[in-house]
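Have a look at the structure below before the remarks.
Chains as they are written, first to last, in the working numbering: chain A, 90 to 427; chain B, 90 to 427; chain C, 90 to 427; chain D, 90 to 427.
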């Protein structure tokens, strides 16, 4: 951490601050320039409140120089991590094709969709049982029954299953679910993250609508600090002023996260755009820029879907997306082909 | 809900959609113009997925015409509500002065601060026991012990107490807390909102960093739909591109919320700005534009606060803010004085 | 335009509004529901102020149902347009590879870069002569001399040239420039747009940092309404809360704009990210999702570039990007290959 | 400027960078910590490209420590400036009440409004002659004729006049206008700023919809660097995800700008909210938090206003706003009254 003092700071005030910093167990390097004096703190600055120092009378500004995330930081773990979901690896060249309906609605529906997406190349089945809905009056999911239907579809197809948990009290129901999803609105539900950190199970952590990459990594850090290092990150669009699509898909987050962390990064082109005809272009774009997987909503009858039908693909459209994605992956991972 | 059809839509496709809408239990009014045909749905459109219809081939756009929030809607409840917190009324001209430290740190600290803010005119004491922190490595609050210290301070001063809950499993500890705060990051923790809705206790619901007013009202609706109508809303700054202050305080939300809902609306000038010298200007501005109260962080020794010291006022500064706020309130509520 | 009246609006007030609307030369369709009355305006509503009506006492809300952009609207011109830049077509399957330095610095530099990007597959040369700089103290470009150097590079390589104009008074200097760029900060410099509309010359119109797609299209409309229909749109990143990259590249704007307009849409991965190692992933992603071209900054010696060196590629890196982009284009445009 | 090197940077690469920095005419202070080495540049770093250095292989991050704005910086000019508009001072306790119609429409209209706002306490008259409109098909203002009508209203009332210029070529028409407004969309029209800097005339510079305070100050710096130091800043709302009001009024910008600059800061509550019933609450809030003035739209017949009628007040409503604003100013500037 670096403290820039205001021009004209009296020496005694400066020394008082230096004493206070030393009192926190840190060393101080002082650099006196013509227009300003800079104090560099050396040691573990984790417990220092940057904003607090920034508010002192004599301080012009404060700059941090170390990342607050450690376990997920690529600096300390240069090789990309692989997260194994009941036999399906994600990351380091292994591509996740997660597909399925927004909500599990019936045994027929989930089995039909599961077979269709498997035939198209999906290797993981998603399905919502507990649904986060903005309105208390909207359909909230089949809950425990939905999870049971997912397991039946897994048995039928062999696809490991992914579903979203909305609160720590639901976790016992997820014991036999292969991968647990933390939704965007719960990305900073720290109590839930802490509980998730105690499990030995792959986690799909979605970026919040207004969260920075650093905050996403800090939430991964919460889970990893608890002992569970099987975290896959998911970019799913951020909230901006732009109003044509539901959210703004921040695809540059994919290569940027790959620079910052060793964790796998997948993309959800369905929720980010909210429009089924934008799913394919965003899916291939994500594959092109290096994503480690895709999560796509597929429904057998979008006109009657109980939620988020507008962004769901029909199985035949998903097959087309998958074909294009695999072709792109082929090109990008076999440089000789170029 | 109004559906604008694309120019040139064949009659049979249009009629098919009309049949589908009627199949959902709604009536349809059709208006055929020169360039476009418009379908108006009449009846309870709450279960219709707007985005789904917007994605149909023949549909140009869809417009909603009713608010999705009902219990908190001012249209159906024109008089402003009053929420009574253990004898302290908020709303309809009753002003809440909530003050106290970001975190409860010790008995001495909380009693000292409680006495100081009471002397300055505060009528409710706040203090964090469970702290939502972005980093798992930061101080997370004194937890249950912190709540006990708050009760001691209440006994000493008579001020009802307000503290933040972070998960439903903590609720039993809050039985004897006068008002429960839902933090910005939990505004859409729907499981928690549902549990809160079952209580008979005043709730302070903070707006999420990237949530619209409609979403804030839908979260209030979650609580009220459960039977608990004692909800106070709190504007605490939103996340924008602007980087000088921590968040952007959206003060126009105060009069706008007063148009939309009968619930009281208070303002938190501490967290929204993150800078102690902006607290006073934003507090008086909030009072001027009609807020029903203020929540302000006050600390007896900001240099050693364990969290968010940068935005906390010293007791003497709080007294100055309170004086100005009361003077403004005086002017604004006694039109004869102008 | 559709007007939703407030519940309980007296008939005489409603009729007064209807009279007013008719006085503006429009017809009115009225639809009376149980909870609300809806008025539909039929005719040319272009001159009606939506916000004004929305502020009337009896009005609950107002919805518009027609696009304000006409000449660039795909509804009225379904085939994609091709813009021809001195023999290089852009759009409808023709891909623009625009490359060159941020600023023209010297004859040697611009010729060296031009030859290198041409060898790598570029078909248009860019170079800044007039530079929009946030600070009055920064390098502002070589101005007229820079344009002359671009012409020399064009003569050497045969590549048509693209350069940015910053004000109408500079237009005479651009007479012999093949394509004129309107920068993001001038996207709503309506006076400049009007002057540009009088020219018979291809225009590259960049999206402003905080402009919606509708606003971008309205700015294209300004140019086209003047008679110049040779407009190419450019997505170059928008301003959001996200702070890791300079701006947030909104790639979903590419397929979305293709739905809304017949004009070609290219992408600038250099300015949007501000980081040279994100240019390649974003360039291939743009090609994958259907962009009609790319504008990429290339410099022969980034360490000494006078501006924006951080986002510029070295020629050998550009050649690598171009190879990957062409491979992706190949896959996406030859469905048989998939 | 401070450069944090990556852990494990070889000494020769570090020394190479140090040499390069010295080659730019700067001194370097090196601080070697356990985990990182920090280089501090000493001297005028104005010409160093921060982003360029940040992209070097060996560099972890770069921090700037000096403000890029100088002439408007409060550090070098601690007393607040007063801008004198033909006898009406703004700043340092002098409050500007700028009012008038969005567009000048007729002699009758502008004189009637001018008399009404003067009677209510306005000391400056505004009126749009050249109108920046998003659509080329909307009313663009009376242009030169509008400016003439403003002069007539000035003669009738004695109020100095303020009007917006949209391009440098219009400046000759503004010779006899008392204060020239630069609109939000032209805040970074650097060519126009440079021309404005050559005048000896008060300038009202509005903040752009997505511009940071630093960028606003840099635009003021453009004008001041040209020799014209009579700049008044205007906060008029920023673009965010929030969709209930047209823009989000960033009132904390007022006290923040007062910390950063000596220039006066006024607020426009009309454009920022776009709704006439939010103008009064935002106007009094602005007065409470220390603004040096207000610019408010007033119209004698909002239902027929040719533009932006929705946000305009009727004269009697303006009189009410003015009364409340003066009462607030009274309280805030006479501490003894509190």
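Don't be surprised by glycine CBs; every beta carbon is placed ideally from N, CA and C. Since the structure is predicted, the reported quantities are computational estimates derived from the model, not experimental observations.
Backbone secondary structure at residue 362(C) - three-state DSSP: Within the third chain, residue 362(C) is the residue found at index 273, counting from 1. Residue 362(C) falls in the helix class under three-state DSSP.
Beta-carbon contacts of residue 120(A) that lie in its chain and below 6 Å, excluding the five residues immediately before and after: In the first chain, residue 120(A) corresponds to position 31, counting from 1. Cβ neighbours of residue 120(A) beyond the five flanking positions: 127.
Residue burial classification, residue 189(C) (beta-carbon count within 10 angstroms, cutoff 16): The residue given as residue 189(C) occupies position 100 in the third chain. Buried, since its Cβ has 16 or more Cβ neighbours within 10 Å.
CB contact below 7 Å: residue 110(C) versus chain B: Within the third chain, the letter at position 21 stands for residue 110(C). So, not an interface residue.
Chain D contacts made by the segment 273-285 of chain A, where a contact means CB separation under 9 Å: Correct list: empty, as no residue qualifies.
Any C-beta of chain B under 7 Å from that of residue 226(A): To locate residue 226(A), count along the first chain from 1; it is residue 137. Answer yes: the Cβ-Cβ gap between residue 226(A) and chain B drops below 7 Å somewhere.
Proximal chain B residues relative to residue 344(D), where beta-carbon distance stays under 7 Å: Within the fourth chain, residue 344(D) is the residue found at index 255, counting from 1. Neighbours of residue 344(D) on chain B, chain order: 367 and 370.
DSSP three-state assignment for residue 353(D), whether helix, strand or coil: Mapped onto the fourth chain, residue 353(D) falls at position 264. Assigned with DSSP and collapsed to three states, residue 353(D) falls in coil, not helix or strand.
Three-state secondary structure (DSSP) of residue 173(B): By 1-based counting over the second chain, the position of residue 173(B) is 84. It is a strand residue.
7 Å Cβ cutoff met for residue 147(B) and residue 102(B): The residue given as residue 147(B) occupies position 58 in the second chain. The residue given as residue 102(B) occupies position 13 in the second chain. Their beta carbons are under 7 Å apart, which means residue 147(B) touches residue 102(B) by this criterion.
Any beta strand (DSSP E) of 3 or more consecutive residues that is wholly inside the segment 105-149 of chain C: If you keep only unbroken beta strand (DSSP E) runs of at least 3 residues inside the segment 105-149 of chain C, you get 116-121 and 126-131.
Proximity of residue 174(D) and residue 276(D) at Cβ, strictly below 7 Å: For this step, residue 174(D) is matched to residue 85 along the fourth chain. For this step, residue 276(D) is matched to residue 187 along the fourth chain. Result no, Cβ atoms of residue 174(D) and residue 276(D) do not sit closer than 7 Å.
Chain B contact residues for residue 328(A), given Cβ-Cβ distances below 8 Å: Here residue 328(A) corresponds to residue number 239 of the first chain, with the count starting at 1. Neighbours of residue 328(A) on chain B, chain order: 299.
Under 7 Å between C-beta atoms of residue 250(B) and residue 238(B): In the second chain, the residue the question calls residue 250(B) occupies position 161. In the second chain, the residue the question calls residue 238(B) occupies position 149. Not a contact, by the Cβ cut-off of 7 Å.
The segment 370-383 of chain A touching the segment 178-188 of chain A, judged by at least three CB pairs closer than 8 Å: Remark: three or more beta-carbon pairs, one from each stretch, lie closer than 8 Å, so the segment 370-383 of chain A and the segment 178-188 of chain A are flagged as touching.
Three-state secondary structure assigned by DSSP to residue 152(B): On the second chain, position 63 is the one that residue 152(B) refers to. Residue 152(B) falls in the strand class under three-state DSSP.
Rounded straight-line distance, which links the Cα of residue 357(D) to that of residue 214(D): Within the fourth chain, numbered from 1, the residue matching residue 214(D) stands at position 125. Within the fourth chain, numbered from 1, the residue matching residue 357(D) stands at position 268. It is roughly 14 Å from the alpha-carbon of residue 214(D) to the alpha-carbon of residue 357(D).
Coil, strand or helix - residue 268(D) by DSSP: Within the fourth chain, the letter at position 179 stands for residue 268(D). In the structure shown, residue 268(D) sits in a strand (DSSP, three-state: E or B).
Closer than 9 Å at the beta carbon, the chain B residues around residue 400(C): Here the question's residue 400(C) lines up with position 311 in the third chain. Chain order gives no chain B residues near residue 400(C), where near means a beta carbon separation below 9 Å; the closest approach is about 19 Å.
Residue 299(C) classed as buried or exposed, judged by whether at least 16 other C-beta atoms fall within 10 angstroms: Here residue 299(C) is taken as the residue at index 210 of the third chain, counted from 1. Answer is buried; the Cβ neighbour count reaches 16.
When 122(C), 97(C) and 139(C) are compared against residue 90(C), the one with the closest alpha-carbon: Stepping through the third chain from its first residue, residue 90(C) is reached at position 1. The option with the nearest alpha carbon to residue 90(C) is 139(C).
Burial state of residue 297(B), where buried means 16 or more other Cβ atoms lie within 10 Å: One-based indexing of the second chain puts residue 297(B) at position 208. By the 16-neighbour rule on beta-carbons within 10 angstroms, residue 297(B) is buried.
Distance CB(residue 199(D))-CB(residue 193(D)) smaller than 7 Å: For this step, residue 199(D) is matched to residue 110 along the fourth chain. For this step, residue 193(D) is matched to residue 104 along the fourth chain. Cβ atoms of residue 199(D) and residue 193(D): closer than 7 Å.
Interface partners of residue 337(A) on chain C, CB under 8 Å: Within the first chain, residue 337(A) is the residue found at index 248, counting from 1. 327, 329, 337, 339 and 341, listed in chain order.
Interface positions of the segment 303-320 of chain A facing chain B (Cβ-Cβ less than 7 Å), listed along the chain: Hits within the stretch, in order: 304, 307, 310, 311 and 314.
Partners in chain A for residue 334(C), counting only beta-carbon separations shorter than 7 Å: Here residue 334(C) refers to the residue found at position 245 of the third chain. Within 7 Å Cβ-Cβ: 341 and 345.
Among 389(A), 400(A), 372(A) and 386(A), the one whose alpha carbon lies nearest that of residue 421(C): For this step, residue 421(C) is matched to residue 332 along the third chain. Taking residue 421(C) as reference, the option from 389(A), 400(A), 372(A) and 386(A) with the minimal CA-CA separation is 372(A).
Selected residue, minimal CA-CA separation from residue 353(B), among 256(B), 155(B), 408(B) and 294(B): Indexing the second chain from 1 puts residue 353(B) at position 264. Of the candidates 256(B), 155(B), 408(B) and 294(B), the residue whose Cα lies closest to the Cα of residue 353(B) is 294(B).
In DSSP terms, what residue 337(D) is bridged to: Numbered from 1 along the fourth chain, position 248 holds the residue referred to as residue 337(D). Partner(s): 327(D).
Neighbour flag for residue 255(D) against chain C, beta carbons, 7 Å: Stepping through the fourth chain from its first residue, residue 255(D) is reached at position 166. Interface residue, yes.
Beta-carbon proximity of residue 339(A) to residue 301(C), cut-off 7 Å: By 1-based counting over the first chain, the position of residue 339(A) is 250. By 1-based counting over the third chain, the position of residue 301(C) is 212. Cβ atoms of residue 339(A) and residue 301(C): not closer than 7 Å.
Beta-carbon separation (whole angstroms), residue 271(A) vs residue 241(A), contact threshold 8 Å: One-based indexing of the first chain puts residue 271(A) at position 182. One-based indexing of the first chain puts residue 241(A) at position 152. Contact flag wrong, Cβ pair sits at about 24 Å.
Identified DSSP bridge partners for residue 402(D): Indexing the fourth chain from 1 puts residue 402(D) at position 313. Residue 402(D) is bridged to 387(D).
Pair within 7 Å by beta-carbon distance, residue 274(C) and residue 225(C): Position 185 of the third chain holds residue 274(C). Position 136 of the third chain holds residue 225(C). It is not a contact, given that the beta carbons lie outside the stated cut-off.
Other residues of its chain near residue 115(D): CB distance less than 7 Å, five sequence neighbours each side excluded: Here residue 115(D) refers to the residue found at position 26 of the fourth chain. Its chain contains 130, 131, 132 and 134 as the residues whose beta carbon lies nearer than 7 Å to that of residue 115(D), once the 5 sequence neighbours on both sides are disregarded; these appear in chain order.
Cβ neighbour criterion (16 or more within 10 Å) applied to residue 405(D): Here residue 405(D) corresponds to residue number 316 of the fourth chain, with the count starting at 1. Result: exposed.
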